[in-house]
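J.: Just dropping this structure here.
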Amino acid sequence: MIALGCDHGGFELMQEVKKHLDEQKIAYKDFGTYDTKSTDYPIYAKKVVKSILSGESEKGILICGTGIGISITANRYKGIRAALCSDCFSAAATREHNDANILAMGGRVLGAGLACRIVDTFLNTPFSEGERHKRRIAMIDAPDEV
């Protein structure tokens with residue numbers, strides 16, 4: 014199960030992503046938004062985060078105007094690694110090296126074709142399971158003093 018969330022700035026691109034997922038028969042849960050009326054992206058980021066942390070969803074896709082704010086919101090939570098990607102190389106690397114569980118994209122930055130290729134790359138690239146990558150993820154998740 015893939016959890017989806019967007020704000021008004023990501024709504025149109027999310028419609029293209031949903032169509033793409035439907036064509037591939039990939040199950041998803043859409044947490045909104047459901048139109049282009051102005052709304053606050055943290056609402057939808059938190060719904061996707063909750064779905065992943067509860068085990069309801071394996072991964073998530075978040076889209077706002079640039080992808081920046083929605084990814085910052087998601088990354089506030091331990092166990093969430095939201096990666097803002099605008100190319101396929103980054104989508105593959107963040108899965109392989111960081112075991113990212115949320116893909117963030119910018120609806121005002123990407124076209125539908127590239128966004129769907131990034132989604133495919135993100136969803137189909139496994140985590141490498143490499144020792145150094147596991148160690149780094151543990152360091153990211155570890156609470157410590159700054």
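Just so we're on the same page, the working numbering is the position in the sequence shown counted from 1, plus 13.
Positions of the beta carbon are idealized from the N, C-alpha and C atoms, including for glycine.
As the structure is a computational prediction, the values presented were derived from the model and not from experiment.
Decide yes or no for the touch test of the stretch 105-122 against the stretch 20-36: beta carbon pairs closer than 8 Å, at least 3 of them.
T.: yes
J.: Measure how close the beta-carbons of D20 and Y57 come, nearest whole angstrom, since I'm counting them as under 8 Å.
T.: Taking the first residue of the sequence shown as 1, we reach residue 20 at position 7. Taking the first residue of the sequence shown as 1, we reach residue 57 at position 44. Confirmed, Cβ separation roughly 6 Å.
J.: So, with DSSP's three-state summary, where would you put K38?
T.: Counted from its first residue, the sequence shown places residue 38 at position 25. Here K38 sits in coil by DSSP.
J.: What residue range does the beta strand (DSSP E) around L97 cover?
T.: Position 84 of the sequence shown, counted from the start, is the residue given in the question as residue 97. Run containing L97: 95-97, per the beta strand (DSSP E) assignment.
J.: Can you list, in chain order, the stretches of the alpha helix (DSSP H) that have 4 or more residues and sit fully within the stretch 47-113?
T.: 54-66, 81-87, 101-111
J.: If I follow the unbroken beta strand (DSSP E) through A117, where does it start and stop?
T.: Numbered from its first residue, the sequence shown carries residue 117 at position 104. Counting along the chain, the beta strand (DSSP E) containing A117 begins and ends at 115-119.
J.: Is it right to say T107 is buried, meaning 16 or more other beta carbons lie within 10 angstroms of its own, or is it exposed?
T.: Taking the sequence shown and counting its residues from 1, one reaches residue 107 at position 94. Taking all protein chains shown into account, T107 has 16 or more neighbouring C-beta atoms within 10 Å of its C-beta and is therefore buried.
J.: Kindly list the residues whose CB is nearer than 7 Å to the CB of K50, restricted to its own chain and excluding five residues on each side of it in sequence; keep chain order.
T.: Position 37 of the sequence shown, counted from the start, is the residue given in the question as residue 50. Excluding sequence neighbours, K50 sits near H21.
J.: Straight-line CA distance for D154 to D133?
T.: For the purposes of this step, residue 154 is identified with residue 141 of the sequence shown, where counting begins at 1. For the purposes of this step, residue 133 is identified with residue 120 of the sequence shown, where counting begins at 1. For D154 and D133, the distance between alpha carbons rounds to 26 Å.
J.: On the CB-based measure, 16 or more other CB atoms within 10 Å of its CB, does N137 come out buried or exposed?
T.: Taking the first residue of the sequence shown as position 1, residue 137 is located at position 124. Classification for N137: exposed.
J.: Report buried or exposed for G18, applying the criterion of at least 16 other Cβ atoms within 10 angstroms of its Cβ.
T.: As a working mapping, residue 18 is identified with position 5 in the sequence shown. Buried, because 16 or more other Cβ atoms sit within 10 Å of the Cβ of G18.
J.: What whole-angstrom Cβ distance do I115 and A128 have, given they're in contact under 8 Å?
T.: For the purposes of this step, residue 115 is taken as the residue at position 102 of the sequence shown. For the purposes of this step, residue 128 is taken as the residue at position 115 of the sequence shown. Not a contact, Cβ separation roughly 15 Å.
J.: Could you give the DSSP three-state label for D154: helix, strand or coil?
T.: For the purposes of this step, residue 154 is taken as the residue at position 141 of the sequence shown. Of the three classes helix, strand and coil, the one that applies to D154 here is helix, per DSSP.
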